[in-house]
Amino acid sequence: MLVLIKGAGDLASGVAVRLHRSHIQVVMTDLPQPTAVRRTVAFSQAIYDGSTVVEGITARRCEDKAQALMALGDGEIPVLADPEARILKALPFDALVDGILAKKNTGTSITDAPVVLALGPGFTAGVDCHGVVETQRGHDLGRLITQGSAAPNTGVPGNIGGYTVERIIRTEADGIFEPLVSIGETVEEGQAVARVAGAVTYALLPGIVRGMLPPGLMVYRGMKCGDIDPRCRRENCFTVSDKSRAIGGGILEGLHYFSAF
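When we follow the working numbering, the leftmost residue of the sequence shown carries the number -12, and every step to the right adds one.
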């Protein structure tokens, strides 16, 4: 089975890890300048670095079909800077997973592949995709929805260690992003963690920096640029999350469920 995943951030990468370990070949696409904050567990980092490794799985930046096939032949995950997913027309994909998490459908159609699955709100199973996987933390996280939609976006991050919105690091101005701390670093409440055009963002809680945008990226005021994990387990910064593993399980279920028809 060959699966295209649109998006290569941390949740999409958690899906890719589960599929790859299930001997399903995966190709991923993302923006030319990805904005995943959990860069240590996002295959999109390959677009910046040429290659990246998440949990022992290598992803490699590819420019076209030929390079993607070479990477697949080497047991790697090809990642293309291809926001329009043009590669979809170049290879015989058995399934498409929309993992962009834009909270809306940005162009995916149920006719794009034999099986089309999507993550989170903005899609309706049976209309613009075959199945939707719930991404909201709680009882239904990772559930495969075969009719209807996922829970609507609340705008409030999931509760981790008793914190929600406080976990998110956001920029204070438009301009070039400058991180002041690194992923895996422990910070205290009130510590300066990022700066844009002289405007500094301070940590709202003590914890460990689990995600941070790369330096030099153009950002806008209020943009999510990082996150802090109050559980302070450094190893969590370098492995896919419980949330992405659950979502990956839902995608695996969907591939088998809809391929059976």
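Positions of the beta carbon are idealized from the N, C-alpha and C atoms, including for glycine.
Within the same chain, Cβ atoms closer than 7 Å to the Cβ of Asn140 are found at Lys90 and Pro108, the five residues on either side in sequence being excluded.
Here DSSP, grouped into helix, strand and coil, assigns Ile11 to coil. Boundaries of the beta strand (DSSP E) harbouring Leu67: Ile64 to Ala68, taken from the DSSP string. The DSSP-derived three-state label of Leu(-9) is strand. In the DSSP assignment, the residues bridged to Arg182 are Glu165 and Val187. If you draw a straight line from the Cα of Cys224 to the Cα of Ile163, it comes to about 24 Å. Per DSSP, Arg47 is one residue of the beta strand (DSSP E) stretching across Ile44 to Cys49. Here the alpha carbon of Asp51 sits roughly 8 Å from the alpha carbon of Leu67. For Arg197, the uninterrupted beta strand (DSSP E) segment begins and ends at Gly194 to Met199. If you keep only unbroken beta strand (DSSP E) runs of at least 3 residues inside the stretch 67 to 111, you get 82 to 85 and 102 to 106. Across the set Val40, Val152 and Gln12, the C-alpha of Val40 shows the shortest separation from the C-alpha of Asp(-3).
Rounded to the nearest whole angstrom, the CA to CA distance from Gly113 to Val152 is 33 Å.
If you draw a 10 Å sphere on the C-beta of Lys76, you find fewer than 16 other C-beta atoms in it, and that means exposed.
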